[in-house]
């Protein structure tokens with residue numbers, strides 16, 4: 005039977021505290037979870053990139069990390085008060101990591117995710133004025149990247165989620181301020197995680213499977229996913245070649261969009277095959 009267990013307002017923050025409390029109370033009744041895009045809108049109106057010295061130099065309106073951190077702090081307290089489940093989407097700052105670590109130390113039912121691009125790219129790329137690097141939440145500092153990697157390694161951040169956001173050529177082929185936010189992430193996700201986490205010694209491949217399969221399935225209450233390889237278990241599998249190297253060509257991607265931030269970059273690893281309920285969905289790296 006069809007069911008819905010995870011609820012969000014997609015890219016819009018539930019900024020009203022009373023509404024957020026009511027949502028948490030509602031999902032508690034059936035074991036659901038509220039997924040929050042943490043962004044205080046009054047602190048990010050017109051924002052274009054991470055707030056800092058560089059945003060001032062570039063003349064781009066700053067997007068303060070505290071806009072994310074303030075909502076996360078509020079919501080972990082609300083979730084604890086209600087006794088409900090909260091999931092924080094695409095965490096991007098070191099301050100957010102510290103709040104999540106504190107909430108988890110209290111035993112509160114809070115989970116969080118990070119995107120591949122926030123594990124690898126920094127706000128220095130905004131100096132190119134190439135809108136392919138414009139994303140929500142914005143790319144932040146090298147110190148934030150380091151904190152996010154450490155949090156994913158120690159389990160403070162539970163999962164990797166792509167925040168895959170394809171856009172048309174017209175949406176990105178314009179000046180930075182007018183460009184849409186978002187970037188492709190699905191087809192390069194595993195390779196980016198390998199470069200940021202495995203090749204740096206922060207995670208082994210069992211850890212990657214945990215953060216990209218086991219825990220996401222647990223958060224989303226997805227039966228038959230993220231389970232052990234056993235006879236009779238659903239054949240939901242990924243075959244990876246960690247020794248592969250590939251240079252990212254936007255026109256070779258399966259997506260109809262081309263807004264990948266990794267164009268021309270060599271990345272490690274490749275997904276060779278995937279199977280969904282025993283049916284091949286990717287073979288030899290190609291969609292079936």
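Numbering (the numbering used here), first residue to last: 5 to 292. Glycine residues also receive a C-beta, built at the ideal position from the N, C-alpha and C atoms.
Grab me the residues of residue 129's own chain with a C-beta within less than 8 Å of its C-beta, minus the 5 sequence neighbours each way, in chain order.
Sequence index remark: in the chain shown, residue 129 carries index 125 (1-based). These residues qualify, in order along the chain: 137, 143 and 265.
For residue 224 versus residue 9, is the C-beta distance shorter than 8 Å?
Looking up residue 224 in the chain shown gives position 220. Looking up residue 9 in the chain shown gives position 5. Their beta carbons are under 8 Å apart, which means residue 224 touches residue 9 by this criterion.
Close Cβ partners of residue 51 (< 6 Å) along its chain, the five nearest in sequence each way excluded
By 1-based counting over the chain shown, the position of residue 51 is 47. The answer, listed in chain order, is 65 and 67.
Assign residue 138 to one of three DSSP states: helix, strand, or coil.
For this step, residue 138 is matched to residue 134 along the chain shown. DSSP places residue 138 in coil when its eight states are reduced to three.
Residue burial classification, residue 173 (beta-carbon count within 10 angstroms, cutoff 16):
The residue labelled residue 173 in the question sits at position 169 within the chain shown. Residue 173 comes out exposed.
How is residue 121 classed by DSSP in three states: helix, strand or coil?
As a position in the chain shown, residue 121 is number 117, starting the count at 1. In the structure shown, residue 121 sits in a helix (DSSP, three-state: H, G or I).
For the alpha helix (DSSP H) that contains residue 128, what are its first and last residues?
Looking up residue 128 in the chain shown gives position 124. Under the DSSP assignment, residue 128 falls outside any alpha helix (DSSP H); it carries neither an H nor an E label.
Look up residue 143 in the DSSP assignment and say whether it is helix, strand or coil.
Along the chain shown, one-based indexing puts residue 143 at 139. Assignment of residue 143 by DSSP, reduced to helix, strand and coil, places it in the coil class.
Residue 118 vs residue 90 beta-carbon contact at 8 Å:
Stepping through the chain shown from its first residue, residue 118 is reached at position 114. Stepping through the chain shown from its first residue, residue 90 is reached at position 86. No, these two residues do not count as a Cβ contact at 8 Å.
Whole-angstrom distance between residue 237 and residue 55, CA atom to CA atom
Sequence index remark: in the chain shown, residue 55 carries index 51 (1-based). Sequence index remark: in the chain shown, residue 237 carries index 233 (1-based). Residue 55 and residue 237: Cα-Cα distance of roughly 48 Å.
Can you tell me whether residue 80 is buried or exposed, with buried defined as 16 or more other CB within 10 angstroms of its CB?
Start at 1 with the first residue of the chain shown, and residue 80 comes out as number 76. Around the Cβ of residue 80, a 10 Å sphere holds 16 or more other Cβ atoms; the residue is buried.
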